[in-house]
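Enquirer:
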Amino acid sequence: MTLVIAHRLNNRISLSSDSRISFGNAGHIDYGIKVFSVLVKIYSPTSSETNNTNLDYNYKLGLAVVGSAINAYTVKESVYEILQNLQYIPGHTDLSMVGIASLVFKVFNKTTLDLGDIIQVNGICELILAGYCPIQNKIRIFKFSCDTSTHPIRPFHEEILTENGIEFFGSGKNEADRIHTQNANLSPLHIIRQVIRDGNVVSVGGGLQYGEFVINNFTIYGVEDYVVNDDGTFKEYLYTLRGINLYKEEFERGDDGFHVAYTFKRPFEQEINNIWRQQGIE
């Protein structure tokens with residue numbers, strides 16, 4: 018499983034997650050990608066006069082996946098392809114995030130039911146989809162999940178976080194909620210890192226993943242983290258991108274001539290500064 022956090026604070030809407038993908042007793046990897054930026058292109062009908070179309074919707078949505086990796090990635094790949102090749106019918110198509118979410122649900126519903134017949138409850142996943150809605154002129158967020166109390170299971174989707182708030186998903190949900198209840202001022206990245214460090218949820222681990230909306234487009238960022246020595250002194254910075262520590266080990270050498278050019282968020286800057294001050298370094 019995993020831990021994904023959806024957060025809305027006024028005009029700042031973000032999706033955050035850990036990076037662990039578990040394979041039961043076989044083990045886990047700590048660089049699974051769980052937060053994505055999905056380009057959506059919606060074209061007008063072809064003009065009978067010019068034989069051309071207009072690109073009337075061209076935005077990047079945010080997508081986070083929870084649960085079954087097989088289900089989540091099957092849905093993601095289908096959604097990726099479909100959402101870049103849409104054409105609307107004037108006066109008929111719901112050209113809003115509700116309409117886009119309804120289309121995504123068709124993929125989610127079919128994939129979930131088909132996989133559910135094969136691998137049962139292990140095939141269940143959740144999706145969190147967020148994007149710009151031209152009808153309401155704001156970012157709207159939708160959850161895709163399953164009601165497992167029925168047989169067969171019933172996939173459904175619904176809009177969430179219509180106002181400021183925070184929601185947790187995955188196996189780390191209860192632990193994250195507990196930490197948030199104790200300190201409501203913690204950011205999503207602080208909460209996920211604390212769940213990882215506490216170690217109470219073994220299926221949550223690895224590096225931090227983060228994306229937020231910038232001018233109505235969902236943008237992926239790296240996250241600057243850090244580690245300390247056993248005595249609490251500063252050891253080194255960690256520049257994590259979707260679970261991978263860039264500029265370390267095989268990614269440090271740069272012998273291929275490429276530099277991974279991402280912008281990094283610095284959510285723990287104040288903590289780092291406090292450590293430096295305690296060490297007498299300003």
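Numbering-wise, the numbering used here puts 167 at position 150 of the sequence shown, and it's gapless, one number per residue. Beta carbons: idealized from backbone N, C-alpha and C, even for Gly. If you're wondering where the values come from, they're calculated on a predicted model, not measured in any experiment.
1. Classify Q287 as helix, strand or coil using the three-state DSSP reduction.
2. Would you identify the three-state DSSP class for V21, choosing helix, strand or coil?
3. For E192 versus V212, is the C-beta spacing smaller than 7 Å?
4. Once the 5 residues before and after S113 are set aside, which same chain residues still bring their CB inside 6 Å of it?
5. A89: buried (16+ other C-beta within 10 angstroms of its C-beta) or exposed?
6. Write down the C-beta distance between S220 and S39 rounded to the nearest angstrom, noting that I regard them as a contact closer than 8 Å.
7. Look up D215 in the DSSP assignment and say whether it is helix, strand or coil.
8. What residue range does the beta strand (DSSP E) around H174 cover?
9. Take every Cβ of the segment 84-101, pair it with every Cβ of the segment 60-72, and state whether three or more of those distances are shorter than 8 Å.
10. Consult DSSP for I106 and reduce its assignment to one of helix, strand or coil.
11. Identify whether F122 lies in helix, strand or coil by the three-state DSSP scheme.
12. Quick one: is I232 buried, meaning 16 or more other Cβ sit within 10 Å of its Cβ, or exposed?
13. Output the boundary residues of the beta strand (DSSP E) element that contains D164.
14. With a cut-off of 8 Å, do at least 3 Cβ pairs link the segment 274-291 to the segment 243-261?
15. Between the C-alpha atoms of D215 and S188, what's the straight-line distance to the nearest angstrom?
Expert: Quick answer:
1. Translated into positions along the sequence shown, residue 287 becomes position 270. It is helical.
2. Sequence index remark: in the sequence shown, residue 21 carries index 4 (1-based). It is a strand residue.
3. In the sequence shown, the residue the question calls residue 192 occupies position 175. In the sequence shown, the residue the question calls residue 212 occupies position 195. Contact: yes.
4. Against the sequence shown, residue 113 aligns to sequence position 96. Hits under 6 Å: C150 and I152.
5. Position 72 of the sequence shown, counting from 1, holds the residue named residue 89. Buried is the call here.
6. The residue you call residue 220 lines up with position 203 of the sequence shown. The residue you call residue 39 lines up with position 22 of the sequence shown. Right, their Cβ atoms sit about 5 Å apart.
7. Numbered from its first residue, the sequence shown carries residue 215 at position 198. Note: D215 maps to helix in three-state DSSP.
8. If you number the sequence shown from 1, residue 174 lands on position 157. Unbroken beta strand (DSSP E) run through H174: R171 to I177.
9. Below 8 Å, too few C-beta pairs join the segment 84-101 and the segment 60-72 to call them touching: fewer than three.
10. Within the sequence shown, numbered from 1, the residue matching residue 106 stands at position 89. Three-state result, I106: coil.
11. Indexing the sequence shown from 1 puts residue 122 at position 105. Note: F122 maps to helix in three-state DSSP.
12. Numbered from its first residue, the sequence shown carries residue 232 at position 215. By the neighbour-count rule (16 or more Cβ atoms within 10 Å), I232 is not buried but exposed.
13. Against the sequence shown, residue 164 aligns to sequence position 147. Start and end: K155 to D164.
14. Verdict: yes, contact present.
15. The residue you call residue 215 lines up with position 198 of the sequence shown. The residue you call residue 188 lines up with position 171 of the sequence shown. Each residue's Cα considered, the two are about 14 Å apart.
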